[in-house]
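Right, one structure below, let's go through it.
In UniProt numbering, the protein residues as written are 1 to 100.
Below is the structure:
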């Protein structure tokens with residue numbers, strides 16, 4: 001009985017993966033198990049590389065922010081003192097760090 005439930009759970013997981021277009025394109029006639037696992041593995045690798053890339057970019061931005069806090073504060077003061085142009089608004093950009 002437990003083996004049957006295990007197989008049903010695995011098959012349900014394959015169906016869930018197969019319903020994701022980034023894992024397996026709709027209408028694919030490839031071997032279900034191997035193609036889904038291969039595409040899922042490729043997608044996980046892609047996500048890991050994207051995460052690594054974003055972590056590196058975050059470190060670079062944090063380093064830039066830490067090395068120039070006076071410039072950021074000075075820009076904020078200038079924007080607050082300068083009146084907006086006729087009918088325009090002052091646009092502000094802020095860098096936020098995550099606690100990750």
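We put the beta carbon where it would ideally sit given N, CA and C, even for glycine.
Short Cβ contact (7 Å threshold) for residue i with residue j
i, j, result
"residue 61", "residue 40", "no"
Classification of residue i by the beta-carbon crowding that lies within 10 angstroms, buried from 16 upward
i, result
"residue 36", "buried"
"residue 100", "At residue 100, the pLDDT of 46 sits below 50, so the modelled position is not reliable; the number obtained from the coordinates is stated separately. So residue 100 ends up on the exposed side."
Anticipated Cβ contact below 8 Å, residue i with residue j, distance rounded
i, j, result
"residue 116", "residue 33", "No answer is possible for residue 116: the residues shown for the chain start at 1 and end at 100."
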